[in-house]
Amino acid sequence: MRSLLRPIMASLLTLLSLSSSSIHADESNDTARMIHVVVAEKAQSKDGEAIRKPVRVYVDMVADLFHAGHVQFLEQALAMGDELIVGLVGDEAASGYKRKPILTLDERMRSVGGCRYVTEVIGNCPMQVTKELIEEYDIDIVVHGDDFTEEKMRYYYGVPLEMGIFRSVPYTSGISSTDIIQRIKDMDT
1 MRSLLRPIMA SLLTLLSLSS SSIHADESND TARMIHVVVA EKAQSKDGEA
51 IRKPVRVYVD MVADLFHAGH VQFLEQALAM GDELIVGLVG DEAASGYKRK
101 PILTLDERMR SVGGCRYVTE VIGNCPMQVT KELIEEYDID IVVHGDDFTE
151 EKMRYYYGVP LEMGIFRSVP YTSGISSTDI IQRIKDMDT
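To convert, note that position 98 of the sequence shown is 98 in the numbering used here; the numbers rise steadily by one, no gaps.
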């Protein structure tokens with residue numbers, strides 16, 4: 001058994017030696033898939049064939065006025081794994097982070113949960129991704145848009161960055177909940 005683990009561990013150590021900023025979603029998905037295969041636990045099926053554990057990807061978001069930019073982000077995140085877990089920030093936490101959401105947490109959970117890319121939705125998730133959250137939900141990869149400064153990234157995603165499981169995807173510009181609110185306001189003028 002140990003002889004089987006040595007090449008896997010060597011590959012994993014090589015991958016972990018890469019800086020987390022050198023692996024992004026805009027690179028080919030082959031890199032991400034290679035990491036998944038190395039990190040994934042092995043199990044045995046009834047006929048003895050090796051099967052792998054699904055790679056669980058986590059994203060956190062407010063997702064107020066769920067829109068096409070959110071859908072594109074979720075699609076990009078899911079492309080890095082097999083299952084997508086979405087943690088939604090509670091109403092009070094969102095108010096301190098951006099603005100008070102127009103939709104309630106329950107409404108946002110129903111909207112996001114209806115997206116075909118989403119496997120599971122968690123309500124009232126913490127603003128900072130913690131080791132406890134990662135362990136509780138068996139998370140393999142944490143994803144966020146590349147719209148954060150380095151300081152914000154470290155503040156909110158310090159744990160997954162240190163664990164080497166953080167990835168970023170390009171932020172979808174041109175559409176946001178704030179843009180939608182402004183479009184509605186502009187309709188009256």
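The C-beta atom is built at its ideal place from N, Cα and C for all residues, glycine as well. None of these values were measured; they are calculated from a predicted model.
Secondary structure of residue i, DSSP reduced to three states
{"i": "Arg52", "result": "strand"}
{"i": "His67", "result": "coil"}
{"i": "Leu84", "result": "strand"}
{"i": "Pro101", "result": "coil"}
Residue i versus residue j - alpha carbon distance
{"i": "Val59", "j": "Ile85", "result": "6 Å"}
{"i": "Asp194", "j": "Ile51", "result": "Outside the shown range of the chain, which is 1 to 189, sits residue 194, and nothing can be said about it."}
{"i": "Gln76", "j": "Tyr171", "result": "10 Å"}
{"i": "Tyr156", "j": "His144", "result": "10 Å"}
{"i": "Glu150", "j": "Ala68", "result": "26 Å"}
{"i": "Gly164", "j": "Asp146", "result": "16 Å"}
{"i": "Pro101", "j": "Glu92", "result": "9 Å"}
Residue i vs residue j beta-carbon contact at 8 Å
{"i": "Phe73", "j": "Val142", "result": "no"}
{"i": "Leu65", "j": "Ser173", "result": "no"}
{"i": "Val57", "j": "Leu78", "result": "yes"}
{"i": "Pro54", "j": "Asp82", "result": "yes"}
{"i": "Leu103", "j": "Gly90", "result": "no"}
{"i": "Met109", "j": "Val121", "result": "yes"}
{"i": "Arg167", "j": "Met80", "result": "yes"}
DSSP bridge partner residues for residue i (one or two, in chain order)
{"i": "Gly123", "result": "Leu88"}
{"i": "Asp60", "result": "Gly87"}
Limits of the alpha helix (DSSP H) - the one that residue i falls within
{"i": "Ile139", "result": "Taken as a continuous stretch (DSSP letters only), Ile139 belongs to no alpha helix (DSSP H), as it is neither H nor E."}
{"i": "Ile175", "result": "No alpha helix (DSSP H) holds Ile175; DSSP gives it neither H nor E."}
{"i": "Tyr117", "result": "Careful: Tyr117 lies outside any alpha helix (DSSP H) and carries neither H nor E."}
Span of the beta strand (DSSP E) around residue i
{"i": "Arg167", "result": "Phe166 to Val169"}
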